[in-house]
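In my numbering, the protein residues as written are 626 to 717. A virtual CB, placed ideally from N, CA and C, is assigned to each residue, including glycine.
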Amino acid sequence: HQQQQQEQQQEQQQQPPPRRRRDGQRGQRRPQQPVFVQLLKPPTTGRGWVVMLINVILVMLLISFLTVLADIIKNPPKLLDTLPDGKTSKEE
Numbered sequence: 626h627q628q629q630q631q632e633q634q635q636e637q638q639q640q641p642p643p644r645r646r647r648d649g650q651r652g653q654r655r656p657q658q659p660v661f662v663q664l665l666k667p668p669t670t671g672r673g674w675v676v677m678l679i680n681v682i683l684v685m686l687l688i689s690f691l692t693v694l695a696d697i698i699k700n701p702p703k704l705l706d707t708l709p710d711g712k713t714s715k716e717e
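Next up, the structure:
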C-alpha cells in the first residue's frame, strides 16, 4: 500500500504545474467597447454589412407584422357578413 502511495507521489512530482493566465487578465485581446458604441459603428467587413442588412430586413418585417396585428385587433374583419337584404345565405 505504501508503495502505491509513493508511486502516485512520484507521478505527481513529474507532471508540470498547470498553466495559469496572469492574474487579472481575461482571454480578450482587445478591451470590449460599450454596447451603444458597437451598435452605432458601421460594420467594417463585407460579411458585417450582409448581417446588418439581414437584421434591418428582419426589424422591418417585425414592425410591419406588429402594425398589421394591431390593426386587426382594433378593427377585426367581419368574416360572416350578412347580405344587404337581410338574408342569412345566398340561396333563394
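Go to residue i, then tell me how far its alpha helix (DSSP H) extends in each direction, as first and last residue.
i, result
"Gln663", "660-665"
"Thr692", "671-699"
Between the Cα of residue i and the Cα atoms of the options, which residue gives the shortest distance?
i, options, result
"Val681", "Leu664, Ala695, Thr669", "Leu664"
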